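See below for the structure under consideration.
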Amino acid sequence: MKSYKSEEEFIDIVERCLKNNGCKTWREIVPDSCESWSMPWRADLIFFREDFGYIGIEGKNIRTLGQGGVISDAVDQIENKYRKQTYLKGNMIGKWGILVPMECGYLQKDNVLATNMVKTFLRNFLRKRYNICLLEYSPSSKWRNEGVTFDAMTPNCIKIGGENTYGES
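When you line the sequence shown up against our numbering, it's residues 250 to 418, in that order.
The following block contains the structure:
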């Protein structure tokens, strides 16, 4: 079972996947209005591709379901610090998401039902209450390439990578 030593390591992996699939990425981005601050706010990751525009992400490396407060902190950061700011010389970020590992620790690979229930709850709660989406990373397997999904299970779902490799030699 894959586990991540740090939030930074996990975001590094997701950023590489995004870049490998044609996205431009920026890490630890300071909002335009905070650039002169001695301790500016920093969004963990912003990525862009022409077909969907800019997406801002707050990443957290949670290891147990008892870390709901960490997700709450991520929501607060997006709502109270990042959402109303401009980035990269005047760009408003219209889509925001939270990135947490879903394939390690508390969500065992052999407990697909529990994993899907947690994902469904987080997706629906974050989207309905805060208009924040879940960015879901899927590592590669023998059947598919690694990929990410933003706002899964909706008409606005954005899939990046994750192509089926079944039957390829």
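The beta-carbon is built from N, C-alpha and C at its ideal position, and this holds for glycine as well. Quick caveat: nothing in here was measured; it's all calculated off a predicted structure.
Next item on the list: Compute the Euclidean distance between the alpha carbons of Trp345 and Ser287, then round it to the nearest angstrom.
Entry: Taking the straight line from one Cα to the other gives about 25 angstroms.
Check: Residues in its own chain within less than 6 angstroms of Tyr415 by CB, not counting five upstream and five downstream?
Finding: Trp392
Notebook entry, point to check: Is it the case that the Cβ atoms of Val397 and Leu384 are separated by a distance below 8 angstroms?
Noted result: yes
Note to self: So, at 7 angstroms on beta carbons, what are the nonlocal neighbours of Asn340 in its own chain, with the 5 sequence-adjacent residues on each side left out?
What the structure shows: Tyr303
Note to self: Within 10 Å of its beta-carbon, does Leu294 have 16 or more other beta-carbons around it, so buried, or fewer, so exposed?
What the structure shows: buried
Next item on the list: Specify whether the segment 319 to 331 and the segment 372 to 383 touch according to this definition: at least 3 beta carbon pairs, one from each stretch, less than 8 angstroms apart.
Entry: yes
Notebook entry, point to check: Roughly how many angstroms lie between the CA atoms of Ser390 and Ile306, to the nearest whole one?
Noted result: 25 angstroms
Item checked: Between the CA atoms of Thr369 and Thr403 - distance to the nearest angstrom -> Using only the alpha carbons, I get a separation of about 11 angstroms.
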